[in-house]
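Visitor: Quick one: structure below, then a few questions.
In the working numbering, the protein residues as written are -7 to 134.
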């Protein structure tokens, strides 16, 4: 079993308070987050963009693995995961995640790429944990 962790600290009331978030590796180390960055377009990080980054990274790795199982090696995979936070039933919920994927895969047909991207969308561990949200995708090969 592999275990990884992230930590967060919050001080103060929701709108005026401040928080810091860190990762086990230290790649994120006491990065600020707060209400403004989450709901008003502020410049600090927020949970939704962190989820988006995690999903994009996981998906890209899964796609590389699946392509490799078919003797295809990607030159490049670019993935953007857009996370939608919406007001639902008097609270907020992550309702959708849309993946925009562009890949350069020498020797692959569009059909092979489409099959691989669909399998990665369904099979990456982060997709599985986020299964409560609608996950959509646009994938293209360049």
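Just so it is clear, CB atoms sit at the ideal spot from N, CA and C, and this is done for glycine as well.
Candidates 99, 117 and 126: which alpha carbon is nearest residue 76's?
Guide: Closest by alpha carbon: 126.
Visitor: With a 10 Å radius around its C-beta and 16 neighbouring C-beta atoms as the bar for buried, classify residue 71 as buried or exposed.
Guide: Classification for residue 71: buried.
Visitor: List, from N- to C-terminal side, the beta strand (DSSP E) runs of 3 residues or more that fit wholly inside the segment 55 to 81.
Guide: Taking only runs of at least 3 residues, the beta strand (DSSP E) segments lying wholly in the segment 55 to 81 are 68 to 80.
Visitor: Do residue -6 and residue 47 have their beta-carbon atoms positioned less than 9 Å apart in this structure?
Guide: Contact flag unset, no.
Visitor: Do you know offhand how far residue 20's Cα is from residue 104's?
Guide: Taking the straight line from one Cα to the other gives about 36 Å.
Visitor: Please look up how many angstroms separate the CB atoms of residue 108 and residue 42, rounded, as I've assumed it's under 8 Å.
Guide: Not a contact, Cβ separation roughly 26 Å.
Visitor: Report all residues from its chain with a CB closer than 6 Å to the CB of residue 73; omit the five preceding and five following residues, and keep chain order.
Guide: Result list for residue 73: 44, 47, 48, 89 and 91, in chain order.
Visitor: Tell me whether residue 113 is buried or exposed, calling it buried when 16 or more other Cβ atoms sit within 10 Å of its Cβ.
Guide: So residue 113 ends up on the buried side.
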